[in-house]
Structures are given as structure tokens and as C-alpha cells.
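What follows is a short report on a single structure.
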Amino acid sequence: MLAYSSSKGSIRLIDLRQSALCDSYSKLFEEHEASGSRSFFTEIIASISDIKFGKDGRHILSRDYMTLKVFCLMV
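Start counting the sequence shown at 1; every next residue gets the next number (UniProt numbering).
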């Protein structure tokens, strides 16, 4: 399993057992924001700086500028 994030705050999970290429993702984790214009500063705050897999392999912990978020992989 491989996870990577974007500057827009989304996390993409890739299962390398299905394909060795990283051109598509298995799951997408993101929070929907209220509609409105995104500025440079909102993108900086939303950008994810760190991702960790849980010891049990069922959760991802992500950290951005202001928050920690836990995502369940079993959903």
C-alpha cells in the first residue's frame, strides 16, 4: 500500500498489488469544503504535511497545518 497527498488536501491510496503503475488510485480521502474561491493561503493550510499508517493497518493519520485527521481504510 502506498499513500500520497496533494496540496489541495486530498489523500490517494494505491494498492501496488493490483498494479505497479501509480497512474490510478484505489481510494480517495478528502473533506468537502464549502463552495467559494480558494486562495493561495487556503491551499497552504489544507496541504497535508505528513501521513502515517496505523499499526493495525486499518487507519491513516494525516496532519495538515492546523489539524490531525484519522481516516478508516475499511470503508
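Beta carbons: idealized from backbone N, C-alpha and C, even for Gly.
Identity of the residue in the options nearest residue i by Cα
{"i": "Leu-28", "options": "Tyr-4, Gly-54, Asp-56, Tyr-65", "result": "Tyr-4"}
Status (buried if at least 16 other CB within 10 Å, exposed otherwise) for residue i
{"i": "Ile-60", "result": "buried"}
{"i": "Phe-71", "result": "buried"}
{"i": "Ser-7", "result": "exposed"}
{"i": "Ser-49", "result": "exposed"}
CB contact flag (residue i, residue j, <8 Å)
{"i": "Asp-64", "j": "Ser-47", "result": "yes"}
{"i": "Leu-73", "j": "Arg-58", "result": "yes"}
{"i": "Ile-11", "j": "Ile-51", "result": "yes"}
Span separating the alpha-carbon of residue i from that of residue j
{"i": "Thr-42", "j": "His-32", "result": "13 Å"}
{"i": "Arg-17", "j": "Met-1", "result": "8 Å"}
{"i": "Gly-54", "j": "Ile-14", "result": "16 Å"}
{"i": "Glu-30", "j": "Met-66", "result": "15 Å"}
{"i": "residue 134", "j": "Phe-40", "result": "Residue coverage of the chain in this structure runs from 1 to 75, which leaves residue 134 outside it and unanswerable."}
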